[in-house]
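Numbered by the UniProt record's numbering, the letters in the sequence shown go through residues 1 to 330 in order. Positions of the beta carbon are idealized from the N, C-alpha and C atoms, including for glycine. Presented below is the structure to which this report refers.
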Amino acid sequence: MTPPSSAPPDPSRPSPCGAEAAPDGDSEPEGGLKDGPVGGRKRTVLNVRVLPRAAGAGVVAGAGAFLAGRLWPRPEGDEFTGMAVTFLAFFPLGLLLGRVLRLPRWQLVGVLAPFVAIPLLAGVADALWVVRGVGFTSALLPVAAAAAFVLAAWLCAPGGRVARACVGVAFLLGSAFTPSVADAAGGSPLEEAIRTSGVPLVAPVVPGYELVGMDERYLPDAIALYYTRPGAPPAPALHAYVVSAATAVPREACAAPSPNWSRSAAEPCLEAEPGVWTTRLENGYASAFARHGDALVQVGGFDVPRALLLPALRAVRPVTAAELVMLHRT
C-alpha cells in the first residue's frame, strides 16, 4: 500500500470543499473597501457598511458647523458672518470625522460633502414650503449634512467612476435648474406660501435704492425685503418688512419692533411725519413705521439717518408672488 504523499498541496487545485476558505464575513477590510469579483476579475468596491458611518459623520459635522456659526462673535444683525463660519466649519469637521471613522478616501469626502450639502439644504428647505409656515430650521443642517456625506462617500468610492461622475453631474445640474423650472411653471411652493400668507403684496418705493432680495424666513407673518443703492458713493443697505395692518398701528409697532434688533431703544418713538413713527435702537439700528392701506410697512437699517427713512415710506408699489420668488433666487 502506497503511503500518502507528504508534499504540500497544489494551490492551483480546488480544495476538498470545492472552494477556497473565505475570510470571516463579519470582518471589515481596512478603510471600508473590499475586493469583489466583477466580470471574472477583482475590483475594489465600497463596503455598504461604511454608509452609516458616513451618515453619522454628517450629522455631527452639520450640528457642529451650525453651533460654530451661532456662537461665533459678530455684530448684531450680521447674518453673513454666521453663514460663512458655518460653511467653513464643515471642512475641518468633515475631514476630522472622516479620518476618525475611517471613511475610505476621507480627504475627498470631507472636501466634497459641504458642496453637496448646499443644494441638498436648499432643496429640502424649499420643499418644506409645501406645509404652510414651515421654512428653514436648524434641524435641516444635520439632516442635509448626513445625506451629503453618504452621497459624497459613494461618489468618491473606487470603481464605476464614469457612472458616479454622471450621477454627480446630473445632481448638480438638477439642483441648479429645478427651482427655475418650478418657478417658470408657477408651481413653486414658496410662491404658494407667499400667496396664502395673508400679507399684502406691496413694496416700498425707496428713492435711489433698488429692491434686490427677499428673505423667506419671516413668512407667513411678514415679507422681508432688502434694498441697496447701486453705484457710488456706498450707502447703507435698507430692510423693509411688510405685515398686515391688522397686526398693529404704527405707534404700537414702533414701541415693540419686530424683528427686534436690540434689547432697548436709544431714542423714544416719535411721530416724525403725520402717521410715520421712528425710533433708533441702542445698536444703531433705525426704523420707521407707516400704514399704507391694509399694509403696515417698516423700513430700517444700521446707522441710517432719519432723513433717508422718511422718503422710503411715502409710497409703495404692488408686487407679485412670482416677482418675490425671483428676488429670493438672486
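Endpoints, beta strand (DSSP E) assigned at residue i
i: L211; result: E210 to D215
Three-way DSSP call (helix, strand, coil) for residue i in this model
i: L33; result: Its pLDDT being 49, under 50, L33 is placed unreliably in this model, and the value from its coordinates should be taken loosely. Strand, per DSSP.
i: P257; result: coil
i: A224; result: strand
i: E282; result: coil
i: G110; result: helix
i: L141; result: helix
i: V199; result: coil
i: V205; result: coil
i: V316; result: strand
i: P268; result: strand
i: L238; result: strand
i: R229; result: coil
i: R49; result: coil
i: R102; result: coil
i: residue 345; result: What the structure shows of the chain is the stretch from 1 to 330, and residue 345 is not part of that stretch, so it cannot be assessed.
i: A288; result: strand
i: V131; result: With a pLDDT of 40 at V131, under the threshold of 50, the modelled position of this residue cannot be trusted; read the value that follows with caution. Coil.
i: M326; result: helix
Residue range of the alpha helix (DSSP H) that includes residue i
i: V249; result: Unbroken run through V249: none, as it is neither H nor E.
i: G275; result: First-last for G275: undefined, no H or E at that position.
i: G300; result: No alpha helix (DSSP H) contains G300, which is instead part of the beta strand (DSSP E) from A295 to F302.
Buried versus exposed, by CB contacts within 10 Å (16 or more), residue i
i: E252; result: exposed
i: M83; result: exposed
i: L93; result: buried
i: L309; result: buried
i: G198; result: exposed
i: P257; result: buried
i: V212; result: exposed
i: A157; result: buried
i: P73; result: exposed
i: P200; result: buried
i: G69; result: buried
i: V319; result: buried
i: G64; result: buried
i: T196; result: exposed
i: P189; result: buried
i: E216; result: buried
i: E191; result: buried
i: R53; result: buried
i: L121; result: buried
i: R105; result: buried
i: G231; result: exposed
Whole-Å CB distance - residue i paired with residue j, under 8 Å assumed
i: P250; j: R291; result: 6 Å
i: A89; j: A113; result: So it is not a contact: roughly 12 Å between Cβ atoms.
i: P204; j: A321; result: With a Cβ gap of about 18 Å, P204 and A321 do not count as contacting.
i: A146; j: V59; result: 5 Å
i: C254; j: T279; result: 5 Å
i: V242; j: V202; result: 6 Å
i: F66; j: L141; result: 5 Å
i: V109; j: L103; result: 5 Å
i: A237; j: G301; result: 6 Å
i: P220; j: A193; result: 7 Å
i: L296; j: A248; result: 7 Å
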